[in-house]
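Inspection log for the structure reproduced underneath, given as structure tokens.
There are 2 protein chains.
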Amino acid sequence: MRLKRIGEAIEEPPIRVVLYGVGAMGGSIAKALLKREGIKIVGAIDIAEDKVGRDLGEVLGLESHMGITVSDDPDGVLSRSKADVAIHATSSFLKDVYPQISTMIKHGVNVVSTCEELTYPYITDLKLADKLDSLAREYGVTVLGTGINPGFLMDTLVIVLTSVCQEVESIRVERAIDASKRRVPFQKKIGAGLKVEEFKAKMKTGLITGHVGLKQSVAMIAEALGLRLDEIRVIEAEPVRAEGYVKTEAVEVKPGDVAGLRQRAYGIIDGEKVITLDFKAYLGADEYDAITIRGVPDVNERITPCIHGDLGTVAMIINSIPKVLKASPGLKTMLDLTLPSASLGDMRLHIRG
Amino acid sequence: MRLKRIGEAIEEPPIRVVLYGVGAMGGSIAKALLKREGIKIVGAIDIAEDKVGRDLGEVLGLESHMGITVSDDPDGVLSRSKADVAIHATSSFLKDVYPQISTMIKHGVNVVSTCEELTYPYITDLKLADKLDSLAREYGVTVLGTGINPGFLMDTLVIVLTSVCQEVESIRVERAIDASKRRVPFQKKIGAGLKVEEFKAKMKTGLITGHVGLKQSVAMIAEALGLRLDEIRVIEAEPVRAEGYVKTEAVEVKPGDVAGLRQRAYGIIDGEKVITLDFKAYLGADEYDAITIRGVPDVNERITPCIHGDLGTVAMIINSIPKVLKASPGLKTMLDLTLPSASLGDMRLHIRG
């Protein structure tokens with residue numbers, strides 16, 4: 267790359283983007299993409315009954331129509347739209363997204379996905395990951411799962427910070443989110459307002475899943491550094507009790523009831539917790555992202571307040587587009603791409619060689 | 267990359283490393299390399315009279331000889347040693363290192379260099395950079411300049427943190443080093459103990475150069491993000507006056523005399539300082555590395571205390587070896603390589619595909 271290229275005229279056609287999933291996250295990404303030069307949205311796929319058949323502009327809550335109809339027919343949209351890349355935002359789980367991603371690959375479309383389990387798919391399901399990798403190579407496209415967490419704060423950034431270390435003894439990563447500043451669905455998702463017994467019952471029945479991605483983050487850190495873990499241990503989400511009375515527009519929490527959750531995961535070698543991830547999301551939490559590395563030298567890093575999850579995920583997805591378009595074919599992780607960065611201005615500048 | 271590969275047996279021969287420059291920094295890197303598995307030092311080049319002809323073990327202050335004689339004949343060492351990669355640590359300036367790096371390239375040896383101006387060579391001297399790039403491609407080798415600063419704290423890490431941003435309005439990066447905790451030559455280099463007039467005179471005659479690399483760091487950030495700067499302005503180093511009396515093993519500073527220096531650089535668009543780098547190194551400074559990004563979202567990041575420069579540079583150089591060996595040929599910057607990380611354990615594991 268050269269500084270001089272930025273000054274050159276732009277003659278390339280815009281990058282053609284298909285949206286696969288226009289729910290809360292997919293919709294936010296779409297709206298941010300509309301502000302960007304060098305990007306053209308050329309199709310939208312979703313299965314939600316209240317979206318299919320409607321104009322995308324309307325679905326996104328814009329004032330004008332976009333001339334793009336949300337369709338529940340992926341093959342149709344993908345064959346017509348001749349997209350360079352699909353922004354995929356449907357599910358957290360690799361099993362669910364596997365057929366969707368296979369379809370996009372077979373249409374020769376590169377993929378940037380918010381799927382949490384896809385950020386480090388080899389630890390999620392090695393067979394499915396290998397299949398996607400082979401298929402992507404066969405069709406000459408690149409597939410990436412990313413986001414703020416997993417995808418950046420508790421893995422990629424940790425890995426980058428270790429590059430100043432000659433030796434690493436242990437790594438501790440904390441993320442603490444004040445849920446009262448987040449969307450109502452997020453507050454419900456973490457169990458805010460429940461009695462502790464209700465929280466535990468909902469955990470058992472899978473109505474509260476906790477944060478998805480800690481396992482992937484531990485595995486990605488270990489792989490990058492060359493740590494041969496004996497075990498990745500993900501502890502079930504635990505309720506965090508409210509110390510005082512808390513009320514938001516959505517929930518009311520009495521002292522002793524559930525304000526949110528805490529979830530931990532460990533990378534273990536010889537019984538020692540070499541990697542510790544500690545995720546906390548509850549009403550009233552002090553917000554920060556902290557990384558502590560014991561090694562040569564030590565690294566004590568802290569971001570205050572913590573990075574906003576939704577804003578950050580939108581950024582990570584969009585900023586990854588040029589990195590994915592420039593990468594060699596295959597199923598990639600953040601470890602395989604060139605240095606992550608904001609991709610400002612006309613997006614076409616960022617895919618020049 | 268796959269997690270499973272870490273468990274596999276290692277049958278590859280060790281990575282052969284030549285040292286080009288065994289001064290303070292080159293020597294520290296060499297000693298750290300000796301602790302690593304999968305690495306073999308196969309030659310050493312230096313022109314210092316007190317080193318040439320002596321055994322490398324002796325030059326490094328080790329208890330035993332290594333059977334490697336420090337030589338002032340680069341061609342001889344490079345043809346005999348059949349090295350995979352050279353660790354190059356001789357000068358901060360591209361002009362000085364250009365012939366040395368050309369020689370290594372012509373011997374088909376990959377290069378990881380501490381040369382500050384090589385971290386973003388295209389802003390230093392476009393012609394020399396283009397020549398090195400062409401030569402490296404011709405001979406099929408990869409060349410990288412890196413280190414802790416420039417190379418990481420005031421550029422690479424800043425760039426990585428912007429990847430959570432949808433928009434970036436301004437970036438401020440600070441590095442503050444307490445020089446009393448550093449090597450004596452470092453304390454002298456920053457003018458500690460001088461009268462202010464002496465400091466200014468030494469600046470004029472070039473006996474104090476200030477920190478080398480701020481221009482490169484500004485340019486690298488701008489390039490990565492796609493910011494088209496009107497100007498990169500590097501302010502001459504200014505003396506920082508001691509508030510009280512300070513004494514180290516090397517210098518004695520009276521109140522009002524020079525405790526060290528401060529140096530700033532700016533990336534400017536339409537008269538606005540979009541990028542600000544602020545480097546401070548003086549006796550008694552509060553140590554930290556801080557990155558503040560105003561954008562969507564804001565990022566307030568801080569490492570406390572600051573990363574130790576010498577320890578960090580040794581790490582950056584060694585950790586870059588596998589990234590360089592896996593990269594395509596050419597003159598690279600940190601922007602072009604895959605995600606930086608610590609490379610722990612047997613180094614051969616990190617160059618597997």
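Residue numbers (our numbering), protein chains in the order written: chain V, 267 to 619; chain B, 267 to 619.
Ideal placement from N, C-alpha and C gives every residue a C-beta, glycine not left out.
Near the ligand FAD: residue i beta-carbon under 8 Å from a heavy atom
i                 : result
Arg494 of chain B : Absence of the ligand FAD is noted for the structure shown, with no ligands found whatsoever.
Within 9 Å, strictly: CB atoms of residue i and residue j
i                 : j                 : result
Arg528 of chain B : Ala488 of chain B : no
Val284 of chain B : Ser347 of chain B : yes
His354 of chain V : Val318 of chain V : no
Asp223 of chain V : Ala442 of chain V : The shown model of chain V, from 267 to 619, leaves out residue 223 of chain V, and the question about it has no answer.
Arg618 of chain V : Gly304 of chain V : no
Ser586 of chain V : Leu344 of chain V : no
His465 of chain V : Pro505 of chain V : Per the sequence presented here, residue 465 of chain V reads as Phe, with His not at that position. In this structure, Pro505 of chain V lies closer than 9 Å to Phe465 of chain V by Cβ.
Leu326 of chain B : Gly289 of chain B : no
Gly522 of chain B : Ala508 of chain B : yes
Pro606 of chain B : Ile425 of chain V : yes
Thr514 of chain V : Val450 of chain V : yes
Leu394 of chain B : Leu360 of chain B : yes
Local conformation of residue i per DSSP, three classes
i                 : result
Ala368 of chain B : Correcting the residue identity first, residue 368 of chain B is Ser in this sequence and not Ala. Residue state, collapsed to three classes: helix.
Leu269 of chain B : Here the model assigns Leu269 of chain B a pLDDT of 44, short of 50, so the residue's position is not dependable, and the following value carries that caveat. Helix at Leu269 of chain B.
Ile498 of chain V : strand
Val343 of chain B : helix
Pro451 of chain B : helix
Asp399 of chain B : helix
Val517 of chain V : coil
Leu285 of chain B : strand
Lys461 of chain B : coil
Arg560 of chain B : strand
Asn415 of chain V : coil
Leu577 of chain V : helix
Leu601 of chain V : coil
Gln529 of chain B : strand
Arg568 of chain V : strand
Arg302 of chain V : coil
Thr408 of chain V : strand
Ile474 of chain V : coil
His354 of chain B : strand
Chain V contact residues for residue i, given Cβ-Cβ distances below 9 Å
i                 : result
Met600 of chain B : Leu605
Leu577 of chain B : Val430, Cys431, Gln432, Val562 and Pro563
Ile584 of chain B : Gln432
Leu285 of chain B : Those within 9 Å of Leu285 of chain B in chain V number zero; the least Cβ separation is about 17 Å.
Exposure label - residue i; buried when at least 16 CB within 10 Å
i                 : result
Asp496 of chain B : exposed
Arg271 of chain B : Because Arg271 of chain B carries a pLDDT of 49, less than 50, the predicted location of this residue cannot be relied on, and the following value inherits that uncertainty. Answer is exposed; the Cβ neighbour count stays below 16.
Leu392 of chain V : exposed
Tyr286 of chain V : buried
Tyr227 of chain B : Not covered by the structure: residue 227 of chain B. The range shown for chain B is 267 to 619.
Ala485 of chain B : buried
Glu383 of chain B : buried
Thr471 of chain B : exposed
Where residue i meets chain B, residues with beta-carbon distance less than 8 Å
i                 : result
Ser483 of chain V : Going along chain B, no residue has its Cβ under 8 Å from Ser483 of chain V, so there is no contact; the nearest lies around 13 Å.
Ser330 of chain V : Per Cβ cutoff of 8 Å: no residues; Ser330 of chain V is ~22 Å from chain B at best.
Leu610 of chain V : Glu433, Val434, Leu491, Gly492 and Leu493
Phe241 of chain V : Past the boundaries of the shown model lies residue 241 of chain V; chain V is included only from 267 to 619, so the question cannot be answered.
Val615 of chain V : Note that residue 615 of chain V is Leu in the sequence shown here, rather than Val. Per Cβ cutoff of 8 Å: Gly492.
Ile474 of chain V : Those within 8 Å of Ile474 of chain V in chain B number zero; the least Cβ separation is about 27 Å.
Ile414 of chain V : Val430
Per-residue contacts from residue i into chain V (C-beta, under 7 Å)
i                 : result
Ile587 of chain B : Residues of chain V passing the Cβ test: none, with the nearest at roughly 12 Å.
Ser379 of chain B : Near Ser379 of chain B there are no residues of chain V at all, since even the closest Cβ is about 16 Å away, more than 7 Å.
Ala275 of chain B : Near Ala275 of chain B there are no residues of chain V at all, since even the closest Cβ is about 13 Å away, more than 7 Å.
Val580 of chain B : Gln432
Cross-chain neighbours of residue i in chain V, by beta carbon under 8 Å
i                 : result
Glu567 of chain B : Glu567, Arg568 and Ile569
Chain-ordered neighbours of residue i on chain B, where CB pairs are closer than 7 Å
i                 : result
Ile443 of chain V : The contacting residues do not exist; Ile443 of chain V stays about 13 Å from chain B at best.
His574 of chain V : Pro563
Beta-carbon neighbours of residue i, restricted to chain B and to distances below 9 Å
i                 : result
Ile541 of chain V : The contacting residues do not exist; Ile541 of chain V stays about 12 Å from chain B at best.
Q: Note down, in chain order, all residues in the region 423-441 of chain B with a beta-carbon under 7 Å from any beta-carbon belonging to chain V.
A: Leu423, Ile425, Val426, Thr428, Ser429, Val430, Cys431, Gln432 and Val434
**Q.** Residues in the region 389-403 of chain V having any Cβ partner in chain B nearer than 8 Å
**A.** Ile389 and Leu392
Q. Which residues, taken in chain order from the region 345-368 of chain V, show a beta carbon closer than 8 Å to some beta carbon of chain B?
A. none
Q: Report the residues of the region 294-308 of chain B with a CB closer than 7 Å to any CB of chain D, ordered along the chain.
A: Structure shown: chain D not included; protein chains present are V and B.
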